């Protein structure tokens, strides 16, 4: 028997949805945080090595400054800042 054959009107569908909605919501609340954590882990996985390199370069510049190191450091920081600003802009768009 087909479930949609049983649901003959919007009122029937609304009634069925009102019954199953709490279970769907509970399932989402259980699984969505895991997906968000995975998203955070992926962002950290790809950005953390760049940040670590920049911190090492910053320490090297304090000990033995060179024009090349300064240039590379500034380019790296600018790239991170540009990406962070991009993400902030996207967050504002999503919340709007």
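Residue numbers (this note's numbering): 45 to 140. The beta-carbon is built from N, C-alpha and C at its ideal position, and this holds for glycine as well. Since the model is a prediction, treat every value here as computed from it, not as a measurement.
DSSP places residue 93 within a helical segment (H, G or I) once states are collapsed to three.
Judged by their CB atoms, residue 98 and residue 120 are nearer to each other than the 8 angstroms cut-off. Put simply, of 128, 135, 103 the residue whose alpha carbon is nearest the alpha carbon of residue 91 is 128.
Annotated three-state conformation of residue 128 is helix, per DSSP. In the displayed model, residue 66 falls within a helix according to three-state DSSP.
About 16 angstroms separates the beta carbons of residue 113 and residue 124, which is beyond the 8 angstroms limit, so they are not a contact pair. Residue 133 has its alpha-carbon roughly 11 angstroms from the corresponding atom of residue 126. In the three-state scheme derived from DSSP, where H, G and I count as helix and E and B as strand, residue 140 is classed as coil. The three-state secondary structure of residue 110, taken from DSSP, is coil.
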